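**Q** Numbering (my numbering), first residue to last: 15 to 119.
Yeah, the Cβ is synthetic: ideal placement off N, Cα and C, and Gly gets one too.
Quick caveat, the model's predicted, so the values are computed rather than measured.
#1: Just to confirm my understanding: we take residue 23, look at its own chain, exclude 5 residues before and 5 after, and list those with CB closer than 7 angstroms. What are they?
#2: Taking DSSP as the reference, what is the three-state secondary structure of residue 60?
#3: Starting from the Cα of residue 12, find the closest Cα among 42, 47 and 69 and give me that residue.
#4: So what's residue 28 in DSSP terms, helix, strand or just coil?
#5: Could you check which residue in 71, 86, 16 and 76 has the C-alpha nearest to that of residue 61?
#6: DSSP state of residue 70, grouped into three classes?
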C-alpha cells in the first residue's frame, strides 16, 4: 500500500490508494480520469521507500477517477453589530470533487 501527500486547492492531503477523498472543485465530469502532479511526499507501508520533494517529488503522480461533482452542506454566516441595527445573514455551499485514488506513481 502506497501513501502520498499531495497539494490541491490550496490544501494538503494524505492520500492512500483505493480510498475516496473530497477535494476543492477540479475540472472534469464523473468518470473522467484526473492526474494530480503536485506530490510533496510518497512512502510505503511502514515508512519504507520514502521520497521527499523540494518542494515536489519530480516525476511522481497520483492518478484517480472522478466519482462525483457536488456541493457541500450549507453553512450560515451571521454578521451583527450591537446598537446599530446592523444584521446580515448569508449562506454558502462550497463546490467539491470526490475522487477515488487509483494509483501513486
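**A** Taking the coordinates as given:
#1: A distance below 7 angstroms between beta-carbons, with the five flanking residues on each side excluded, links residue 23 to the following residues of its chain, in chain order: 37 and 38.
#2: Residue 60 carries a helical assignment under DSSP once its states are collapsed to helix, strand and coil.
#3: Residue 12 cannot be examined here, being either before or after the span of the chain that is shown, 15 to 119.
#4: In this structure, residue 28 counts as strand in the three-state DSSP scheme.
#5: Out of 71, 86, 16 and 76, 16 has the C-alpha closest to the C-alpha of residue 61.
#6: The three-state reading of DSSP puts residue 70 in coil, since its state is none of H, G, I, E or B.
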